[in-house]
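Peer 1: The structure's right below; bear with me while I get my questions together.
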Amino acid sequence: MVVDHETPSLENGQTDKEVEENANVLQFMDSMDAYLTLIHSLSSTLRRGWLELASARHSMGASRVNTVLLDHTSHPAATSLLVTQDEGKVDSGKPHFTLCKWASSSNENSLLGEKHSSQDKLHPQLRHRGSTELYEEKTSSENKASREVDDPVQKERSKSLSMFGTLVSPKLRAAQLSFEH
Amino acid sequence: MYGFEAMTFNIHGGYLEAIVRGHRAGLLTAADYNNLCQCETLDDMKMHLSATEYGPYLQNEPSPLHTTTIVEKCTLKLVDEYKHMLCQATEPLSTFLEYITYGHMIDNVVLIVTGTLHERDVQELLEKCHPLGMFDSIATLAVAQNMRELYRLVLVDTPLAPYFSECITSEDLDDMNIEIMRNTLYKAYLEDFYKFCQKLGGATAEIMSDLLAFEADRRAVNITINSIGTELTRDDRRKLYSNFGLLYPYGHEELAVCEDIDQVRGAMEKYPPYQSIFSKLSYGESQMLDKAFYEEEVKRLCLAFEQQFHYGVFFAYMRLREQEIRNLMWISECVAQNQKSRVHDSVVFIF
Chain A
1 MVVDHETPSL
11 ENGQTDKEVE
21 ENANVLQFMD
31 SMDAYLTLIH
41 SLSSTLRRGW
51 LELASARHSM
61 GASRVNTVLL
71 DHTSHPAATS
81 LLVTQDEGKV
91 DSGKPHFTLC
101 KWASSSNENS
111 LLGEKHSSQD
121 KLHPQLRHRG
131 STELYEEKTS
141 SENKASREVD
151 DPVQKERSKS
161 LSMFGTLVSP
171 KLRAAQLSFE
181 H
Chain B
1 MYGFEAMTFN
11 IHGGYLEAIV
21 RGHRAGLLTA
31 ADYNNLCQCE
41 TLDDMKMHLS
51 ATEYGPYLQN
61 EPSPLHTTTI
71 VEKCTLKLVD
81 EYKHMLCQAT
91 EPLSTFLEYI
101 TYGHMIDNVV
111 LIVTGTLHER
121 DVQELLEKCH
131 PLGMFDSIAT
141 LAVAQNMREL
151 YRLVLVDTPL
161 APYFSECITS
171 EDLDDMNIEI
181 MRNTLYKAYL
191 EDFYKFCQKL
201 GGATAEIMSD
211 LLAFEADRRA
221 VNITINSIGT
231 ELTRDDRRKL
241 YSNFGLLYPY
251 GHEELAVCED
261 IDQVRGAMEK
271 YPPYQSIFSK
281 LSYGESQMLD
291 KAFYEEEVKR
301 LCLAFEQQFH
311 YGVFFAYMRL
321 REQEIRNLMW
331 ISECVAQNQK
341 SRVHDSVVFI
351 F
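Take a look at the structure:
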C-alpha cells in the first residue's frame with residue numbers, strides 16, 4: 001500500500017484543500033446572505049423614502065417640490081468613503097475604510113464616525129490598545145466631537161434641502177433621512 | 001344690507017352661481033375614489049377617469065402615463081372652468097375671482113426666483129408654474145438680483161405690487177430671504193382678501209371670513225411646525241402670522257415660542273374648533289396633521305354651498321377642485337409606487 005505523504009487525509013476523508021474550499025464556500029454563502037439582507041433593507045428604505053417624498057409633495061404642493069428645483073451646481077454626496085493605508089507599512093495589504101457623512105469641503109472637522117485627532121491626519125491610526133490616559137482623552141474628545149458634528153451635520157442636511165425652501169414640511173425631512181440611511 | 005341679497009344677486013351673479021353649482025355636481029364621489037384606489041396601473045386610472053369630467057382631458061394622452069401628466073391635465077380642466085367664469089363675471093365678482101388666483105401667483109414668483117438662484121433654465125421653470133398664477137412679465141423675474149429690483153422691474157405692474165411694501169429691501173435673494181418673502185407676501189394677500197370680502201358685506205363677508213380665518217390659522221400652524229429646528233427666530237416667525245383669524249393675537253403669541261409639536265398641540269387645543277383636529281393625532285405625531293386640516297377645510301367648504309346669493313361658492317368650488325386634484329395626485333403616486341395600502345393616508349373624500 002502506497003501512502004501519499006503530500007496530501008494527508010483527515011478522519012472524514014477530506015483533504016486540507018477541500019476543507020479550505022468548504023470554508024470559503026460557507027464564507028461566500030454567509031456574505032451572499034448578508035448582501036441579500038442589505039439589498040432587501042435598502043429596497044424597503046428606498047420605497048419608504050419615495051413615498052415620503054410623494055407625501056411631502058402632497059403636503060407642500062407641486063410648485064415647491066418638483067424636479068425643476070433640483071440643484072445643478074456640484075456638491076458633495078451625503079456619504080463618502082475614505083480609504084487609507086498605514087503609511088508605515090506599505091505592504092500591509094489591509095486598507096482602512098471610514099464612512100464619512102455630510103463631509104463639507106469647507107469644514108473638514110464635520111465628519112461623523114471618523115476617529116479624529118490632529119495625529120490621525122498624518123498617521124492613520126490602526127485599531128490598537130493604547131494606554132488608559134490615551135483612551136480617556138480619546139473618549140472625551142470623541143464625545144465632544146460627536147456633539148460638535150451634530151450641528152454641522154444638521155446644517156448640511158438643511159443646506160441640501162434649501163432648494164425646496166427654508167421652511168419645509170417634516171415629511172420632506174423624513175424623506176431626506178430615509179434616503180440618507 | 002345683509003339678508004336682501006336675494007333681491008339683487010341674480011341680476012349679475014345668478015348665471016355664474018348656477019354654473020358653479022353645476023360644476024360642483026361633477027366633483028368625484030366616494031364611489032369614484034374607491035374605484036380609483038383599486039387601480040393597478042396609471043392606465044387603469046385613466047380608464048376610470050374617462051367616465052368622469054376629466055375624460056376629455058386625458059383621453060389623448062399616450063401610454064405610459066406619468067403622475068405629473070394626470071395632475072397637469074386635471075389642473076387644465078380647472079383652469080378652463082375658471083377662465084370661463086372670469087370672462088363672464090362683472091364687478092365685483094371679477095375682482096373676487098382674481099383674488100382667488102393671487103396665491104398661485106405668489107407661488108410662481110417664488111418658484112422662478114428660487115429656480116434662478118439654483119441656476120435652472122427659465123423655460124423649464126415656466127413650464128412648472130401653475131397656470132392660474134401666470135402673468136405677462138413673469139419670465140423677467142429671472143433678471144432680478146434683490147427684492148428691490150424684483151419689485152421695480154417686474155412686480156410693480158402686477159396685482160402683487162401692494163403686498164411688497166413690507167419686504168422691499170436691497171438684500172440679495174438667498175434661500176431664507178426668499179422664504180420670508182413668500183410668507184410675507186401671502187400674509188399681505190390674505191389680509192387684503194379678507195378686507196375686500198368684509199367690504200362686500202352680507203353673506204359673502206360672513207362665509208369668506210370664516211374660510212379665510214381658517215386658512216390664516218392653518219398657515220400659522222404650518223409655519224410654526226416647519227420652522228422648528230431652523231434658523232428662523234421667534235420674532236421673524238411671529239411676523240409671518242396673519243393679523244386675523246381665531247388664533248390672533250393670543251394664539252400667535254403661544255405658537256411663536258413653540259419648540260416642538262407637543263407645544264403646538266398645547267397651544268391649539270385651547271381653541272375648540274382645533275381641539276377636534278388635534279384629538280385625531282397621537283402625541284408627538286404630525287404626519288396626519290395635514291389630512292386632519294384638509295378634512296376640516298373640506299367640511300367648511302361644502303357648508304358654503306348650503307347658502308345662496310354669495311360669492312363664497314366660487315372660492316369653495318376652486319378649493320374643492322384643488323383638493324380633488326391633490327387626491328388624484330396621491331392616488332396616482334401610490335399606484336405608480338405599488339403602495340396601495342397607503343392610499344387612504346392622504347385621500348380626503350368630498351362627498
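Each protein sequence line maps, in turn, to chains A and B. 1 is the number of the first residue of the first sequence in full-length UniProt numbering; add one for each residue after it. 1 is the number of the first residue of the second sequence in full-length UniProt numbering; add one for each residue after it. Just so it is clear, CB atoms sit at the ideal spot from N, CA and C, and this is done for glycine as well.
Under 7 Å between C-beta atoms, does A/HIS40 make it to chain D?
Peer 2: Absent from the structure: chain D. Protein chains present are A and B.
Peer 1: Given a threshold of 16 other Cβ atoms within 10 Å of its Cβ, counted over all protein chains shown, does B/ALA205 qualify as buried or as exposed?
Peer 2: Under this definition B/ALA205 is a buried residue.
Peer 1: For chain B, check one thing: does any of its Cβ atoms lie closer than 7 Å to the Cβ of A/GLU148?
Peer 2: Interpretation of A/GLU148 is limited by its pLDDT of 47, a score under 50 that renders its predicted location unreliable; no figure is taken from the coordinates.
Peer 1: Name, going along the chain, the residues of the region 329-342 of chain B whose beta-carbon falls closer than 7 Å to a beta-carbon of chain A.
Peer 2: From the region 329-342 of chain B, only MET329, TRP330, GLU333, GLN337, GLN339 and ARG342 have a Cβ closer than 7 Å to chain A.
Peer 1: Which of the three DSSP states is assigned to B/THR204 in this structure?
Peer 2: DSSP places B/THR204 in helix when its eight states are reduced to three.
Peer 1: Below 7 Å on C-beta distance, what does B/GLU191 contact in chain A?
Peer 2: Simply none; closest approach about 19 Å.
Peer 1: Would B/SER346 pass as an interface residue toward chain A - the criterion being a Cβ-Cβ separation below 7 Å?
Peer 2: True, the Cβ-Cβ gap to chain A drops below 7 Å.
Peer 1: Skipping 5 residues on each side, what residues in its chain have a beta carbon closer than 6 Å to that of B/ARG182?
Peer 2: VAL110.
Peer 1: Under 9 Å between beta-carbons, which chain A residues line up against B/MET176? List them in chain order, please.
Peer 2: Those are SER162 and THR166, listed as they occur along chain A.
Peer 1: If the cut is a Cβ gap below 7 Å, which residues of chain A does B/SER279 touch?
Peer 2: Those do not exist, as B/SER279 stays about 20 Å from chain A at its closest Cβ, beyond 7 Å.
Peer 1: Using a beta-carbon distance below 7 Å, is B/ARG148 in contact with chain A?
Peer 2: Taking Cβ atoms only, chain A never reaches closer than 7 Å to B/ARG148, which makes this a no.
Peer 1: Can you give me, in chain order, the residues of the region 109-126 of chain B that have a beta carbon less than 9 Å from any beta carbon in chain A?
Peer 2: Those residues of the region 109-126 of chain B that come within reach of chain A (Cβ to Cβ, closer than 9 Å) are VAL110, LEU111, THR114, GLY115, LEU117, HIS118, GLU119, ARG120, ASP121, GLU124 and LEU125.
Peer 1: Does the beta carbon of B/GLU322 sit closer than 7 Å to a beta carbon anywhere in chain A?
Peer 2: It does not: the Cβ of B/GLU322 has no partner Cβ on chain A nearer than 7 Å.
Peer 1: What residue does the alpha helix (DSSP H) around residue 435 of chain B start on, and which one ends it?
Peer 2: Any answer about residue 435 of chain B is impossible in this case: the structure gives chain B only from 1 up to 351.
Peer 1: Does the contact criterion of 3 or more C-beta pairs under 8 Å hold for the region 25-39 of chain B versus the region 7-15 of chain B?
Peer 2: No, the region 25-39 of chain B does not touch the region 7-15 of chain B.
Peer 1: Give the residues from the region 32-64 of chain A that approach chain B closer than 8 Å (Cβ to any Cβ), ordered along the chain.
Peer 2: Residues passing the 8 Å Cβ filter: ARG47, TRP50, LEU51, ALA54, SER55, ARG57, HIS58, SER59, GLY61, ALA62, SER63 and ARG64.
Peer 1: Just verifying my parser: in three-state terms, what is the DSSP assignment at B/HIS48?
Peer 2: B/HIS48: helix per DSSP, three-state reduction.
Peer 1: Using C-beta distances below 6 Å, list every residue in its chain close to B/ILE223, excluding the 5 sequence neighbours before and after it, in chain order.
Peer 2: So the qualifying residues of the chain are LEU240.
Peer 1: List the residues that DSSP assigns as beta-bridge partners of A/PHE97.
Peer 2: A/PHE97 is bridged to A/VAL83.
Peer 1: Within a Cβ cutoff of 7 Å, which residues of the same chain sit near B/THR140, ignoring the five residues on either side of it in sequence?
Peer 2: Hits under 7 Å: LEU153 and VAL154.
Peer 1: B/ASN243 lies in the alpha helix (DSSP H); which residues open and close that run?
Peer 2: Where B/ASN243 is concerned, there is no enclosing alpha helix (DSSP H), given that its DSSP letter is neither H nor E.
Peer 1: How about A/GLY113: is its C-beta nearer than 7 Å to some C-beta of chain B?
Peer 2: Confidence at A/GLY113 is low in this model, with a pLDDT of 42, below 50, so its placement is unreliable and no value can be given for it.
Peer 1: Could you list which residues in chain A have their beta carbon closer than 9 Å to that of B/VAL71, in chain order?
Peer 2: Result: ALA62.
Peer 1: Determine the chain B residues that contact A/VAL153 at a beta-carbon separation under 8 Å, and present them in chain order.
Peer 2: Under the 8 Å cutoff, chain B gives no residues; its nearest Cβ is about 13 Å from A/VAL153.
Peer 1: Pick from B/ALA188, B/TYR186, B/TYR163 and B/TYR151: whose alpha carbon is nearest that of B/LEU173?
Peer 2: With distances taken between Cα atoms, B/LEU173 lies closest to B/TYR151.
Peer 1: Which residues of chain A have a Cβ atom closer than 7 Å to the Cβ of B/GLU179, listed in chain order?
Peer 2: Those within 7 Å of B/GLU179 in chain A are GLY165, THR166 and LEU167.
Peer 1: State the start and end residues of the unbroken alpha helix (DSSP H) segment that holds A/ARG57.
Peer 2: 16-60 is the extent of the alpha helix (DSSP H) around A/ARG57.
Peer 1: Smallest Cα separation from B/ARG300: which of B/ILE178, B/PHE214, B/MET318 and B/THR69?
Peer 2: Measuring from the Cα of B/ARG300, the nearest candidate turns out to be B/PHE214.
Peer 1: Is the Cβ of B/ASN327 closer than 7 Å to any Cβ of chain A?
Peer 2: Not an interface residue.
Peer 1: Tell me where the alpha helix (DSSP H) around B/SER276 begins and ends.
Peer 2: Run containing B/SER276: 272-278, per the alpha helix (DSSP H) assignment.
Peer 1: Using a C-beta to C-beta distance shorter than 8 Å, which residues of chain B count as neighbours of A/LYS17?
Peer 2: Correct list: empty, because the minimum Cβ distance to chain B is about 48 Å.
Peer 1: So that I know if they touch, is there some Cβ in chain B lying closer than 7 Å to that of A/LEU81?
Peer 2: So no, A/LEU81 is outside the interface.
Peer 1: Going by DSSP in three states, B/ASN146 sits in which element: helix, strand or coil?
Peer 2: It is a strand residue.
Peer 1: Assign A/ASP151 to one of three DSSP states: helix, strand, or coil.
Peer 2: The answer is helix: DSSP assigns A/ASP151 an H, G or I state.
Peer 1: B/ASP192 to B/LEU93, Cα distance in whole Å?
Peer 2: If you take the alpha carbons of B/ASP192 and B/LEU93, they lie about 16 Å apart.
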